[in-house]
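Asker:
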Amino acid sequence: LKLMLVFKLVVIALCCGDWCNSKIKYRKEPWRKMQVRKVNWHYTLKRLELVPFMLKEAPYQILEVTYDGKLKVEQGNELTPTQVKNIPVVKYIANPNEYYTLCMTDPDAPSRLEPKFREWHHWLVGNIPGLNVSAGETLSEYVGSGPPQGTGLHRYVFLVYKQPGKLTFDEPRLTNRSGDHRAKFSIRKFAAKYNLGDPIGANVYQAQWDDYVPKLYKQLEGK
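In terms of mature numbering (1 follows the signal peptide of the UniProt record, and there is no 0), the sequence shown is residues -17 to -1, 1 to 206.
What follows is the structure in structure tokens.
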């Protein structure tokens, strides 16, 4: 009788162990995927030479950036100026009771080899309540990619910062009809000026010249 009881206990223990192991494996799987994604994200930013040049390390959030409802920014994928001419939708994890700053900037102006106008910022919005970008304070209206012909791929970096509170910005308000005051911008200096700390999220795509760029240049001349 004792032998039978011991046998049953062993069987129960083994079954329970298999069940627990399967549950542990299942629960760990999302964590493993997140870790792999995080490693790949960090590698992408290093490969694109954004870490440690623009960023100390990879932000923990990968921003969801979508153009025209379907075209996504995918960690350094190549898009065309034609594809990114309209304002994208940017999503991130946010506290609705806090304020955020969003920036899109090009560190490769006029080219990655000779970036004498680094950075040329394309979009700057502050005092965003939560993730409601359209309700934020637009400092620089959105301008799509306009890499000069023959300058190769440019990196276009989206960054989101959490603000210490609602801020008063003294930057000039820039429209999308002029390219004035956009060159030689530094998002690091801007972040330091307003005590934004490191970005909480980022994403990046690359683009090179296409036949939409001349139209964009005319727009920036007010035409």
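Quick reminder that beta carbons are idealized off the backbone N, C-alpha and C, glycines included.
Under three-state DSSP, which class holds T121?
Answerer: Reduced to three states, the DSSP call for T121 is strand.
Asker: Where does V108 sit, in a helix, a strand or coil, going by DSSP?
Answerer: Looking at V108 - three-state DSSP - the assignment turns out to be strand.
Asker: Does the stretch 58 to 65 touch the stretch 97 to 112, meaning 3 or more C-beta pairs lie closer than 8 Å?
Answerer: No, the stretch 97 to 112 is not in contact with the stretch 58 to 65.
Asker: Taking the alpha-carbon positions, what's the P197 to L85 distance?
Answerer: Cα to Cα, P197 sits roughly 27 Å from L85.
Asker: So which of K172, T121, P112, G127 has the shortest CA-CA distance to K145?
Answerer: The shortest Cα separation from K145 among K172, T121, P112, G127 belongs to P112.
Asker: Span of the alpha helix (DSSP H) holding A175?
Answerer: Looking at the DSSP string, the run of the alpha helix (DSSP H) that includes A175 is 170 to 176.
Asker: How is the alpha helix (DSSP H) around V56 delimited, first residue to last?
Answerer: Segment: none, V56 is in no alpha helix (DSSP H) and carries neither H nor E.
Asker: Relative to the alpha-carbon of G148, which residue among S169, F173, Y26, Y177 has its alpha-carbon at the smallest distance?
Answerer: For G148, the nearest C-alpha among the options comes from Y177.
Asker: With 16 other CB atoms within 10 Å as the buried threshold, where does H137 fall?
Answerer: So H137 ends up on the buried side.
Asker: Would you report the Cα separation of G59 and H25, rounded to the nearest angstrom?
Answerer: Between G59 and H25, the C-alpha separation is close to 12 Å.
Asker: Would you mind stating whether F141 and N186 have Cβ atoms separated by less than 8 Å?
Answerer: It is a contact, given that the beta carbons lie within the stated cut-off.
Asker: Whose CA, out of L33, E40, A77, L38, lies closest to the CA of E47?
Answerer: Checking every option, the nearest Cα to that of E47 belongs to A77.
Asker: So, is D163 buried or exposed, given that buried needs 16 or more other C-beta atoms within 10 angstroms?
Answerer: Counting Cβ neighbours within 10 Å, D163 comes out exposed, since fewer than 16 surround it.
Asker: Whole angstroms is fine: what's the gap from residue 218's alpha carbon to A174's?
Answerer: There is no way to answer for residue 218, as the model of the chain reaches only from -17 to 206.
Asker: How would you call D194, buried or exposed, if buried means at least 16 neighbouring beta carbons within 10 angstroms?
Answerer: By the 10 Å Cβ count, D194 comes out exposed.
Asker: Report back the beta-carbon spacing between L54 and L38 to the nearest angstrom; my notes put them in contact at under 8 Å.
Answerer: That belief does not hold up - the Cβ atoms of L54 and L38 are roughly 24 Å apart, past 8 Å.
Asker: Do L157 and S123 count as a contact pair if the criterion is CB distance below 8 Å?
Answerer: In contact: S123 and L157 (Cβ atoms closer than 8 Å).
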